[in-house]
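Reading through the C-alpha coordinates given below for one structure.
Numbering (my numbering), first residue to last: 1307 to 1365.
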(Lines of atoms letter the chains of each structure in order from A and count residues from 1; the text may use other names and numbers.)
(Lines give C-alpha, C1' and ligand atoms only; values in the text may rest on other atoms or scores of the structure.)
Protein backbone atom coordinates (compact mmCIF):
# COMPACT_ATOMS: atom_id res chain seq x y z
CA UNK A 1 0.00 0.00 0.00
CA UNK A 2 1.61 3.30 -1.08
CA UNK A 3 0.66 5.34 1.99
CA UNK A 4 2.02 2.64 4.33
CA UNK A 5 5.27 2.58 2.36
CA UNK A 6 5.52 6.37 2.57
CA UNK A 7 4.98 6.26 6.33
CA UNK A 8 7.63 3.54 6.70
CA UNK A 9 10.15 5.57 4.71
CA UNK A 10 9.40 8.63 6.83
CA UNK A 11 9.73 6.66 10.08
CA UNK A 12 13.15 5.41 8.98
CA UNK A 13 14.25 8.89 7.86
CA UNK A 14 13.25 10.41 11.18
CA UNK A 15 14.86 7.59 13.19
CA UNK A 16 18.09 8.00 11.22
CA UNK A 17 17.98 11.74 11.97
CA UNK A 18 17.84 10.94 15.70
CA UNK A 19 14.17 11.66 16.40
CA UNK A 20 12.53 10.00 19.39
CA UNK A 21 9.49 7.77 18.95
CA UNK A 22 7.34 10.59 20.39
CA UNK A 23 8.77 13.06 17.87
CA UNK A 24 8.25 10.58 15.02
CA UNK A 25 4.62 9.96 16.03
CA UNK A 26 3.91 13.69 16.29
CA UNK A 27 5.56 14.35 12.91
CA UNK A 28 3.65 11.58 11.13
CA UNK A 29 0.37 12.89 12.53
CA UNK A 30 1.22 16.50 11.63
CA UNK A 31 2.22 15.50 8.09
CA UNK A 32 -1.06 13.65 7.61
CA UNK A 33 0.26 10.11 7.28
CA UNK A 34 -2.74 7.86 7.97
CA UNK A 35 -2.69 5.10 10.54
CA UNK A 36 -4.44 1.81 9.79
CA UNK A 37 -7.40 2.99 11.88
CA UNK A 38 -7.28 6.60 10.74
CA UNK A 39 -6.25 8.07 14.09
CA UNK A 40 -3.21 9.78 15.53
CA UNK A 41 0.17 8.08 15.57
CA UNK A 42 1.31 6.84 18.98
CA UNK A 43 4.90 6.44 20.11
CA UNK A 44 4.17 2.81 21.09
CA UNK A 45 3.08 2.09 17.51
CA UNK A 46 6.27 3.66 16.15
CA UNK A 47 8.32 1.60 18.63
CA UNK A 48 6.67 -1.65 17.48
CA UNK A 49 7.28 -0.77 13.83
CA UNK A 50 10.93 0.07 14.47
CA UNK A 51 11.43 -3.16 16.44
CA UNK A 52 10.49 -5.09 13.28
CA UNK A 53 12.88 -3.12 11.05
CA UNK A 54 16.51 -4.03 10.44
CA UNK A 55 18.92 -1.79 12.30
CA UNK A 56 20.99 0.60 10.16
CA UNK A 57 24.58 -0.53 9.63
CA UNK A 58 27.25 1.94 10.69
CA UNK A 59 30.15 2.33 8.30
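Idealized CB from N, CA, C, for every residue including glycine.
The structure presented is a predicted model; accordingly, all values stated were derived computationally and were not measured.
Cβ pair residue i, residue j closer than 8 Å
| i | j | result |
| --- | --- | --- |
| residue 1331 | residue 1349 | yes |
| residue 1313 | residue 1339 | yes |
| residue 1334 | residue 1316 | yes |
Integer Cβ distance of residue i from residue j, believed to fall under 8 Å
| i | j | result |
| --- | --- | --- |
| residue 1320 | residue 1329 | 7 Å |
Requested in this report: May I have a chain-ordered list of the alpha helix (DSSP H) segments no shorter than 4 residues that lie completely inside the stretch 1328 to 1361?
Outcome: 1349 to 1358
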